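Data first, discussion second: the structure below is written as structure tokens.
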Amino acid sequence: MRASLRQMLDHLRRIASNATGVVSAFSAPAQHDNAILNEVVNNLPHGVVVFDKDRRIVFCNARYRDIYRLTPNRTKPGTPVADMIRHRLALGLITQADPEDYIRERLSTPITPMEGVYEFADGRSIAFVIRLISNGGGIAVHEDITERKVLQRRLEEQHALSRKQGEELRVRNLQFDLAINNMSQGLCFFDGAQRLIVCNQRYVEIYDLDPARMRPGITLQEVVDLRFEAGSFPDMTPDEYLVWRSNIAVSAEVSDTIVKLKNGRTIKIHHQPMPDLGWVATHDDISDRVHTEDHLEEQNRRFHAALNNMPHGLSMFDAERRLIVCNRRYQEMYRIPPELTAAGTHLDSLMDYRAATGQSPVDPNGFVKEQINRSGSGSACTYKITLDDGRTLQIDYEPMANGGWVTTHQDITEATHIEARIAHLARHDSLTDLPNRLQFRDALGEALVGVESGKKIALISIDLDQFKAVNDTLGHPAGDELLKAVSGRLRHCVRKSDVVARLGGDEFAIIRSEGADRQGLSALAARLIESLSEPFRIGDDEVTIGTSVGIAIAPDHGKDFDTLLKSADLALYRAKSDGRGTHRFFEQAMDAKIRDQRALENDLTRALANDEFEVVYQPLVNIAAREVVGFEALLRWHSPSRGLVLPSVFIPVLEEIGLINEVGAWVLKKACTDAMQWPTNAKIAVNLSPVQFRGNRLGLDVCAALASSGLPAQRLELEITETAMLQDATTTLAVLRELKALGVAISLDDFGTG
Numbered sequence: 032m033r034a035s036l037r038q039m040l041d042h043l044r045r046i047a048s049n050a051t052g053v054v055s056a057f058s059a060p061a062q063h064d065n066a067i068l069n070e071v072v073n074n075l076p077h078g079v080v081v082f083d084k085d086r087r088i089v090f091c092n093a094r095y096r097d098i099y100r101l102t103p104n105r106t107k108p109g110t111p112v113a114d115m116i117r118h119r120l121a122l123g124l125i126t127q128a129d130p131e132d133y134i135r136e137r138l139s140t141p142i143t144p145m146e147g148v149y150e151f152a153d154g155r156s157i158a159f160v161i162r163l164i165s166n167g168g169g170i171a172v173h174e175d176i177t178e179r180k181v182l183q184r185r186l187e188e189q190h191a192l193s194r195k196q197g198e199e200l201r202v203r204n205l206q207f208d209l210a211i212n213n214m215s216q217g218l219c220f221f222d223g224a225q226r227l228i229v230c231n232q233r234y235v236e237i238y239d240l241d242p243a244r245m246r247p248g249i250t251l252q253e254v255v256d257l258r259f260e261a262g263s264f265p266d267m268t269p270d271e272y273l274v275w276r277s278n279i280a281v282s283a284e285v286s287d288t289i290v291k292l293k294n295g296r297t298i299k300i301h302h303q304p305m306p307d308l309g310w311v312a313t314h315d316d317i318s319d320r321v322h323t324e325d326h327l328e329e330q331n332r333r334f335h336a337a338l339n340n341m342p343h344g345l346s347m348f349d350a351e352r353r354l355i356v357c358n359r360r361y362q363e364m365y366r367i368p369p370e371l372t373a374a375g376t377h378l379d380s381l382m383d384y385r386a387a388t389g390q391s392p393v394d395p396n397g398f399v400k401e402q403i404n405r406s407g408s409g410s411a412c413t414y415k416i417t418l419d420d421g422r423t424l425q426i427d428y429e430p431m432a433n434g435g436w437v438t439t440h441q442d443i444t445e446a447t448h449i450e451a452r453i454a455h456l457a458r459h460d461s462l463t464d465l466p467n468r469l470q471f472r473d474a475l476g477e478a479l480v481g482v483e484s485g486k487k488i489a490l491i492s493i494d495l496d497q498f499k500a501v502n503d504t505l506g507h508p509a510g511d512e513l514l515k516a517v518s519g520r521l522r523h524c525v526r527k528s529d530v531v532a533r534l535g536g537d538e539f540a541i542i543r544s545e546g547a548d549r550q551g552l553s554a555l556a557a558r559l560i561e562s563l564s565e566p567f568r569i570g571d572d573e574v575t576i577g578t579s580v581g582i583a584i585a586p587d588h589g590k591d592f593d594t595l596l597k598s599a600d601l602a603l604y605r606a607k608s609d610g611r612g613t614h615r616f617f618e619q620a621m622d623a624k625i626r627d628q629r630a631l632e633n634d635l636t637r638a639l640a641n642d643e644f645e646v647v648y649q650p651l652v653n654i655a656a657r658e659v660v661g662f663e664a665l666l667r668w669h670s671p672s673r674g675l676v677l678p679s680v681f682i683p684v685l686e687e688i689g690l691i692n693e694v695g696a697w698v699l700k701k702a703c704t705d706a707m708q709w710p711t712n713a714k715i716a717v718n719l720s721p722v723q724f725r726g727n728r729l730g731l732d733v734c735a736a737l738a739s740s741g742l743p744a745q746r747l748e749l750e751i752t753e754t755a756m757l758q759d760a761t762t763t764l765a766v767l768r769e770l771k772a773l774g775v776a777i778s779l780d781d782f783g784t785g
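Set out below in structure tokens:
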């Protein structure tokens, strides 16, 4: 209760100390003072009521009646206070107890000084103060404080709101400080006068500034000076930087700028203008990001350099069959323009383009289906495809965990051709391109399968006559050309179903799996002999050779490759032994005879090294003078197992197996050496084989024998046979002229038979 209310109440209490006086004073209008008092009390802003010790109204003023909506009749002196209480309850006085209980409680309570506020249901609040007066009664002052309470409540609410807003502002400021100071970017806020409003801790850290000096209100010029002091500025002067930054500020445009500082850091500045010409800017230290991006860019550059310099094509597709990446070799391999291999291009689009340009597999739809199946299987694999243009590619497929795949593409067209060529050469003769022994063995094995069902298979063995003479006289290149020409004639003589092979040297063979009867085989052999007997044109030379043919028939003469080939070789050997230029079918009796012949050849091969040969001399007599003029050298062979073997037996074999040159050279040297022990006028005669005239060795052997022995050339006489003159007369005459030039005598005779 306000102090003025209490003061007024104390004054009224003194007036009312004598209730009788008050009553008489208020009831005696004739008295001037009481009239004034009455007017004063009735015009008080507070309601006043005086009651006696029996709780009966002595007096109340007009304001009291207004407050409680009473008429003068209801507030006459003597009216019980209880009626006033009931009236207030009727007006909506709010109490905690039952109304009657409340009345009894009030009336039973002694009159004591008290203060309080009546609250009414209509929202009014009436403050009251009761004080005792000397006659035992009391005086009460009532004031309607409804508006005051509303105002007070509003003030309290305003204060509460202010406190709340202040707290919220404090919290927001705290949150703002926490937010901006925990930003990964530096932040600064300048007003239109280019004065700092706020900056965060990260801004200070980025530019190595003193936090104490970065106070709100400092100018942009001062901030620039601080940055230049700290060394955190770009490659420009403070004035240049200030002009540049001011121009950005007044441009009123959002901008992003990347600045390289002197200390090596890279800062990205985002400028956001404000309506008052101020601005907010974020400063992001992107040095690590730039370094990472540079590193990644360098890695990507190296990756693409490596990728695009791979010898193989590479492609990577995702699970939806969309292209992720491919290299330049992949584009080149399939002739795809770079613009059609952008990331995201579907495999179907690439296959459509490849199909349209002839770079797709022979079956593009099947290829795509197989690719889908491979991606579903999740297994790595390697496969080959053939393109429409004939190229062969090897593709290595590697699935990825996400359902996509990586493939490398290698053009193996040339390698495939090389492999095929190598495989072909492994089974074919490199000179004639005929099947070799390996291929021939497999072909014969396949043909022999039909023998089990009663079919006959023929193996024809062919050996060229006089081939060695061609090599010796015209050289190996001419011999190679002759072999190629022979292979062509052989192919011309046989059927398409026949297999012609070169087994080595001048040995050829034919498999006939259809119509292998003796009559037909004899006719084939005759054609072969006739064809190969025709002259061959080798360069500028015309060469004539011959051939011998041996024939074996399966299953009669063997059921496997080795047996059948052996039988055909025995038949061939027999044909050659019978005079060459003929053919023979295998017979069982040939086996023993051939074994004997082979044993003889083997013994002769070791005879020279084992010193089994001997030269004996037969005197040459001048019948007219009846005197010995020299000796003829005769070759003898003393075999440990065979005894003395006649020259007519072993010399043809030496010629056949190619040892005649070596043995002939030994005879020449031995004869010349022995002749040096004879009288100086005695001559030595040595027989020569026709085979020794082939090649260039004979002249060298004669020179070597004369040089090593010291025998004068005039004492040496070389005897040749008519056969040597008839066979390749041109070559023989050339050799004889060389020998004649040495001073050696030449005569005709049989060779070494004695």
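Under our numbering, think of the first position of the sequence shown as 32, with each following residue one higher.
Virtual Cβ for every residue (Gly too), placed ideally from N, Cα, C.
All values derive from a computational prediction rather than experimental measurement.
- Residue 199 and residue 207 have their C-alpha atoms spaced approximately 11 Å apart.
- Distance between residue 429 and residue 435, taken at the CA atoms: about 9 Å.
- Just so you know, the alpha carbons of residue 225 and residue 307 end up roughly 11 Å apart.
- By the C-beta density criterion, residue 439 is buried, having at least 16 other C-beta atoms within 10 angstroms.
- Counting C-beta atoms within 10 angstroms of its own C-beta, residue 763 has 16 or more neighbours from the protein chains shown and is therefore classed as buried.
- The straight-line gap separating the alpha-carbon atoms of residue 541 and residue 368 is approximately 55 Å.
- Ranked by Cα distance from residue 487, the options 587, 722, 385 are led by 587.
- For residue 262, the closest alpha carbon among the candidates 237, 509, 271 is that of 237.
- Excluding its 5 nearest sequence neighbours in each direction, residue 524 has C-beta neighbours in its own chain below 6 Å: 558, 559, 562, listed in chain order.
- Within the same chain, 366 come within 7 Å of residue 388 by CB-CB distance, once the 5 residues on both sides are set aside.
- The alpha-carbon of residue 170 is positioned some 20 Å away from that of residue 156.
- Residue pairing by DSSP places residue 354 opposite 348 in a beta bridge.
- 9 Å or more divides the Cβ of residue 158 from the Cβ of residue 219.
- Burial state of residue 174 is buried, judged by a 10 Å Cβ sphere holding 16 or more other Cβ atoms.
- Residue 714 has 661 as its beta-bridge partners, per DSSP.
- Taking one beta carbon from each stretch, the stretch 614-626 and the stretch 564-576 have fewer than 3 pairs nearer than 8 Å; the two do not touch.
- Nearest to residue 376 by alpha-carbon distance, out of 360, 391, 348, is 348.
- Judged by DSSP secondary structure, residue 135 falls within the alpha helix (DSSP H) whose first and last residues are 130-139.
- For residue 149, the enclosing beta strand (DSSP E) covers residues 145-150.
- Its chain contains 43, 72, 90, 91, 92, 94, 95, 170, 171, 172, 173 as the residues whose beta carbon lies nearer than 8 Å to that of residue 79, once the 5 sequence neighbours on both sides are disregarded; these appear in chain order.
- Per the C-alpha coordinates, the member of 690, 641, 547 positioned closest to residue 672 is 641.
- Where residue 325 is concerned, the enclosing alpha helix (DSSP H) starts and stops at 318-339.
- In terms of Cα proximity to residue 353, the closest of 335, 364, 379, 83 is 379.
- In this structure, DSSP gives residue 653 an extended state, which the three-state scheme calls strand.
- DSSP, reduced to helix, strand and coil, places residue 285 outside both helices and strands of the structure shown, so it counts as coil.
- DSSP places residue 564 in the uninterrupted alpha helix (DSSP H) bounded by 549-564.
- For residue 578, the enclosing beta strand (DSSP E) stretches over residues 577-585.
- The beta carbon of residue 325 lies closer than 8 Å to none in the same chain, with the five residues before and after it left out.
- Comparing C-alpha distances from residue 457 to each of 445, 718, 472, 516 shows the shortest one belongs to 472.
- The DSSP-derived three-state label of residue 648 is strand.
- Boundaries of the alpha helix (DSSP H) around residue 384: 378-387.
- Per the Cβ contact rule, the stretch 612-622 is not in contact with the stretch 509-529 (fewer than 3 Cβ pairs under 8 Å).
- Spatial neighbours of residue 150 in its own chain (CB-CB distance under 7 Å, excluding positions within 5 residues in sequence) are listed in chain order as 125, 156.
- Taking C-beta atoms under 8 Å as the contact rule, residue 748 and residue 720 fail to qualify, at a distance of about 16 Å.
- Per DSSP, residue 487 is not a residue of any alpha helix (DSSP H), being assigned neither H nor E.
- In summary, residue 653 is exposed, with fewer than 16 beta-carbon neighbours lying within 10 Å of its beta-carbon over all protein chains present.
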